[in-house]
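See structure below.
Numbering (the working numbering), first residue to last: 34 to 268.
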């Protein structure tokens with residue numbers, strides 16, 4: 034496989050409403066973002082691993098762990114309204130202006146510290162083997178959507194569940210969710226459609242432990258315990 038024209042993109046804006054500065058919080062002795070940088074570099078598939086951040090402090094930490102930060106993110110891309118797609122396209126455009134071109138890119142959120150180099154390599158392999166336009170990581174949903182519904186204002190549970198769809202829990206079909214850990218894609222495809230889920234998009238299935246996504250302090254503490262206990266699932 035040609036692995037020399039892949040761009041790794043790690044988005045890490047400063048500040049966070051849920052968990053302040055979570056991207057650089059110390060997790061088992063290292064800043065959170067370090068886990069993603071190290072996994073990307075250890076995979077050996079990237080021509081460049083870039084951190085997109087609006088903070089010089091974040092940039093300094095990222096460079097310490099081996100990532101490149103050739104520019105700081107514009108302020109308009111650091112608001113709550115900016116999307117991951119906006120950030121990806123901004124990085125690709127700015128790298129092109131620096132004379133850097135790539136065939137593929139992979140978005141790696143720093144909030145998935147237990148996603149390792151094997152996950153990165155395996156997701157890329159699916160992209161190549163299936164000649165896919167994109168591959169997105171998923172994990173099995175903890176709870177079946179067949180057991181979920183919205184609630185009215187009065188909290189009435191009449192007809193909350195469609196009993197025709199309910200069977201023994203172990204007989205329910207498996208459902209999967211986007212876990213946010215890996216998005217890998219052909220750059221030309223993404224520039225044209227500006228969407229991951231289109232023609233020839235495939236899933237890379239990850240286990241529950243590797244899929245831990247840090248959004249709040251509970252997630253953070255869970256990741257800390259898993260790292261301390263060195264709990265892993267063979268891949």
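Using N, Cα and C, we set each Cβ at its ideal position, and we do this for glycine too.
Item	Value
For a test of the three-state rule: what should DSSP assign to residue 135, helix, strand or coil?	coil
On the CB-based measure, 16 or more other CB atoms within 10 Å of its CB, does residue 143 come out buried or exposed?	buried
Tell me the start and end of each unbroken beta strand (DSSP E) in the segment 41 to 91 that is at least 3 residues and wholly inside, in chain order.	81 to 85
What does a CB cutoff of less than 6 Å around residue 75 pick up in its chain, not counting 5 residues either side in sequence?	150
Return helix, strand or coil for residue 186, following the three-state DSSP convention.	coil
With H, G and I counted as helix, E and B as strand and the rest as coil, what does DSSP make of residue 140?	strand
Report the partner residues of residue 96 according to the DSSP bridge assignment.	In the DSSP output, where bridge partners are listed per residue, residue 96 has none listed.
Quick one, which of 248, 218 and 124 has its alpha-carbon nearest residue 58's?	248
What are the boundary residues of the beta strand (DSSP E) that residue 218 is part of?	209 to 219
Would residue 69 and residue 145 qualify as a contact pair, given that the criterion is a beta-carbon distance under 8 Å?	yes
Quick check on the DSSP output: the alpha helix (DSSP H) that includes residue 256 runs from which residue to which?	250 to 262
Assuming contact is defined by CB atoms lying nearer than 8 Å, are residue 147 and residue 259 in contact in what I supplied?	yes
Using 8 Å for Cβ pairs, my map puts residue 20 next to residue 125. What's the rounded Cβ distance?	Nothing can be reported for residue 20, as the shown portion of the chain is limited to 34 through 268.
What does the alpha-carbon distance come out to for the pair residue 182 and residue 194?	7 Å
Taking 6 Å as the limit between beta carbons, can you name the residues of its chain near residue 301, skipping five residues before and five after?	Because residue 301 is not part of the residues shown, which for the chain are 34 to 268, the question remains open.
Are at least three pairs of beta-carbons, each pair with one atom in the segment 152 to 164 and one in the segment 49 to 67, less than 8 Å apart?	no
Do you know offhand how far residue 211's Cα is from residue 173's?	9 Å
Is residue 226 helix, strand or coil when you go by DSSP?	helix
Does the separation of the CB atoms of residue 133 and residue 81 fall below 8 Å?	yes
Sort 238, 103, 155 and 253 by Cα distance to residue 51 and report the nearest one.	253
Taking the C-alpha atoms as reference points, what is the distance between residue 123 and residue 88?	16 Å
Would you decide whether residue 282 is buried or exposed? Buried here means 16 or more other CB atoms lie within 10 Å of its CB.	Because the chain here runs from 34 to 268, residue 282 falls outside it and cannot be looked at.
Give me the residue from 171, 96, 226 and 188 with the minimum Cα distance to residue 208.	171
Measure the alpha-carbon distance for residue 95 versus residue 154 and round it to whole angstroms.	21 Å
Quick check on this structure: which residue in 39, 83 and 112 has the alpha carbon closest to the alpha carbon of residue 48?	112
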